[in-house]
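Data first, discussion second: the structure below is written as structure tokens.
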Amino acid sequence: NKDRGATEKDRYANTTFSTKAGYNFWDDARVELIARLTHAKNHFDGFGFDLSENLSTSDTFYFAMPFQKSITEWWDAKINLNFNYEKQDSIDLSFANSVITSRTYTVDFQNNIAFNKIFSAIFGFEYQITNGENTTAPSIFGDPAFFFELENKSQGYYLQTNATFFDSLYLTVGFRQDFNTRFDDKLTYKFEAAYKIKTKAVNIKIRGAYSTGFRAPSINQLIFPDTGFGPVGNINLRPEESENREAGIEFSLFSDRLSFGSNYFNVDYIDLIDFVSGTGFQNIRNASSEGVESFIKWRIIDDLDATVSHTWNNAVDDEDGSTLSRRPKNIFSVSLHHNWNKKLDSTVTVNYRSALDQATNRVGGRALVRAALSYQINKSLKLTARGENLLDKDYEEPFRFGTQGISGYGGFVYSFN
């Protein structure tokens, strides 16, 4: 950030190619091909001073091929094969050059069963292999070169049952069992209920949920190379576990022209994975996040609607009561959406984030304005455009790092129908 002493602009370039194609056959089967290739270059600062030669180059590739088929009138099956590859090559003259590579292979077999109008179920199996390597050259401080690699294989079996009674009571129960070669096996589960009350004047939905969670550390969190600012990856990270509770209520009035609601959430973490400045990724033994999400949506006329949303979140380290890093107390969003003659679609949004803590530093709040437009020329071709940070605000997300000023993007979408 130039306001904190940076003397030169850090350039960034990103080239992305993405595609999605699908084909329907046998009247009840479909196969898709999804791919995305990204090449990016990012110039970054040194430790305490600018170095124009510091450069990080990243290449990512994602490929997925889902295949879906109706076995019977009540049974649909889906197989999804996907692969994700990422390589980051860093030239860091303020510390050490490094190359980190990660790969994820996933096979998911999912079944959707509709027993009748009341009961349905989803069950399946997921197999995943994740591996990666970190090669770091000797540092300018005399640290030796090193090479490290790791791999984790996991199997996940899941089952979720859904029940609907009288078109008003909805019940969901789900379980997932994970087996890992690197971490302990874990069973997680979810219970959810919702009840709808319908009258001529107002519709009300009341819901509640309880669930547990499990998240293994990513390859980057485990073996990302150190920088001149300190360590990043931590090979000793433990999986993150959570216990989640939710309760909410929503109202809809005037034939759904006006709707509003709130949702309370409370999450308790064990071994929360978080980034700590100066020491890298660490496990926070006990942490919690408690808050309320609220929204109001008003359909002013048939083609014009406005939405206001707010999230209040109190996220703390339960050991010492300190606020968790990079978690703002308040997030506001106001948007106005208009569609003209089903051709021109426009949205203007104002997003506000309150100040947040990052280690011992404070990152100020910010309010950003963005706009998005699209125009449907015909059934196949749509033009798109959007503008970000329209007021050209100077702000930070991570401490010390400046962000992009006013910017615009354009493109098109073509559908082969």
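With the first letter of the sequence shown counted as 1, position 266 gets the number 1748 in the numbering used here; the numbers rise by one all the way through.
All C-beta atoms, glycine included, are put in the ideal place defined by N, C-alpha and C.
Note that the structure is a prediction, hence the values are computed from the model and not measured.
Quiz prompt | Range covered by the alpha helix (DSSP H) that runs through Asn1702 | solution = By one-based count along the sequence shown, residue 1702 stands at place 220. Where Asn1702 is concerned, the enclosing alpha helix (DSSP H) stretches over Ile1701 to Ile1705.
Practice problem: Let me know the secondary structure DSSP gives Lys1875 once reduced to three states. | Solution: Within the sequence shown, the letter at position 393 stands for residue 1875. Correct three-state label for Lys1875: coil.
Practice problem: Assign Ala1837 to one of three DSSP states: helix, strand, or coil. | Solution: Counting from 1 along the sequence shown, the entry for residue 1837 is found at position 355. Here Ala1837 sits in coil by DSSP.
Practice problem: Tell whether a beta-carbon distance below 9 Å holds between His1819 and Ser1828. | Solution: In the sequence shown, residue 1819 corresponds to position 337, counting from 1. In the sequence shown, residue 1828 corresponds to position 346, counting from 1. Yes. Within cutoff.
Quiz item: Thinking C-beta only, is Tyr1652 closer than 9 Å to Phe1607?
Solution: As a first step, residue 1607 must be located in the sequence shown, where it is residue number 125. As a first step, residue 1652 must be located in the sequence shown, where it is residue number 170. Going by C-beta atoms, Phe1607 is not nearer than 9 Å to Tyr1652.
Exercise. Can you grab the Cα-Cα spacing for the pair Asn1616 / Arg1697, in whole Å?
Key: Position 134 of the sequence shown, counted from the start, is the residue given in the question as residue 1616. Position 215 of the sequence shown, counted from the start, is the residue given in the question as residue 1697. Taking the straight line joining both Cα atoms gives about 22 Å.
Quiz prompt | Lys1672 versus Leu1641, Tyr1857, Phe1665 and Phe1648, residue with shortest Cα-Cα distance | solution = On the sequence shown, residue 1672 is found 190 positions in, with the first residue counted as 1. Out of Leu1641, Tyr1857, Phe1665 and Phe1648, Leu1641 has the C-alpha closest to the C-alpha of Lys1672.
Quiz item: What's the gap between the Cα of Asp1802 and the Cα of Ile1766?
Solution: Mapped onto the sequence shown, residue 1802 falls at position 320. Mapped onto the sequence shown, residue 1766 falls at position 284. Going by the C-alpha atoms only, they are around 11 Å apart.
Quiz item: The beta strand (DSSP E) with Arg1518 in it runs from where to where?
Solution: As a position in the sequence shown, residue 1518 is number 36, starting the count at 1. First-last of the beta strand (DSSP E) with Arg1518: Ala1511 to His1525.
Exercise. Give me the Cα-Cα distance between Trp1557 and Asn1823, rounded to the nearest whole angstrom.
Key: As a first step, residue 1557 must be located in the sequence shown, where it is residue number 75. As a first step, residue 1823 must be located in the sequence shown, where it is residue number 341. Distance between the alpha carbons of Trp1557 and Asn1823 is about 39 Å.
Quiz item: Which full runs of the beta strand (DSSP E) of 3+ residues lie inside the stretch 1595-1679, going along the chain?
Solution: Taken in chain order, the unbroken stretches of beta strand (DSSP E) that lie wholly in the stretch 1595-1679 and span 3 residues or more are 1601-1618, 1628-1647 and 1651-1662.
Exercise. Check whether the stretch 1630-1639 touches the stretch 1652-1669, taking contact to mean three or more Cβ pairs, one atom from each stretch, closer than 8 Å.
Key: yes
Self-check item: Helix, strand or coil at Pro1548 according to DSSP, with G and I counted as helix
Solution: As a working mapping, residue 1548 is identified with position 66 in the sequence shown. DSSP places Pro1548 in strand when its eight states are reduced to three.
Exercise. Label Phe1477 either buried or exposed according to how many other C-beta atoms from any shown protein chain fall within 10 Å of its C-beta, with 16 as the threshold for buried.
Key: Outside the displayed range of the chain (1483 to 1899) lies residue 1477, so it cannot be described from this structure.
Quiz prompt | Cβ shell of Arg1689 (< 6 Å), same chain only, five flanking positions each side left out | solution = For the purposes of this step, residue 1689 is identified with residue 207 of the sequence shown, where counting begins at 1. Excluding sequence positions up to five before and after Arg1689, its CB lies within less than 6 Å of the CB of Ala1676 and Gly1730, all in the same chain and listed in chain order.
Quiz item: Quick one: any contact between the stretch 1571-1582 and the stretch 1545-1555, if contact means 3 or more CB pairs under 8 Å?
Solution: When C-beta atoms of the stretch 1571-1582 are compared with those of the stretch 1545-1555, fewer than three pairs fall below 8 Å, so the two segments do not count as touching.
Practice problem: Excluding the 5 residues preceding and the 5 following Glu1723 in the sequence, name in chain order all residues of the same chain whose CB lies nearer than 6 Å to its CB. | Solution: Taking the first residue of the sequence shown as 1, we reach residue 1723 at position 241. Answer for Glu1723: Phe1696 and Ile1752, listed in chain order.
Quiz item: Taking the alpha carbon of Ser1538 as the point to measure from, which residue in Lys1523, Phe1549, Ala1546 and Val1684 has its own alpha carbon closest?
Solution: On the sequence shown, residue 1538 is found 56 positions in, with the first residue counted as 1. Of the residues Lys1523, Phe1549, Ala1546 and Val1684, the one whose Cα lies closest to the Cα of Ser1538 is Lys1523.
Quiz item: Between Ser1611 and Glu1633, which are expected to be in contact by the criterion C-beta below 8 Å, what is the C-beta distance as a whole number of angstroms?
Solution: Along the sequence shown, read from residue 1 onward, the residue named residue 1611 stands at position 129. Along the sequence shown, read from residue 1 onward, the residue named residue 1633 stands at position 151. Sequence check: residue 1611 is Ile here, not Ser. That pair is a contact at about 7 Å.
Exercise. Measure the C-alpha to C-alpha separation of Asn1833 and Asn1871 and round it to an integer number of angstroms.
Key: Within the sequence shown, numbered from 1, the residue matching residue 1833 stands at position 351. Within the sequence shown, numbered from 1, the residue matching residue 1871 stands at position 389. Answer to the nearest angstrom: the Cα atoms are 10 Å apart.
Quiz item: Below 9 Å between beta carbons: does that hold for Asn1579 and Tyr1544?
Solution: Translated into the one-based positions of the sequence shown, residue 1579 becomes position 97. Translated into the one-based positions of the sequence shown, residue 1544 becomes position 62. Going by C-beta atoms, Asn1579 is not nearer than 9 Å to Tyr1544.
Quiz prompt | Pairwise C-alpha distance: Thr1520 and Thr1442 | solution = Here the chain has residues from 1483 to 1899 only, and residue 1442 is not among them.
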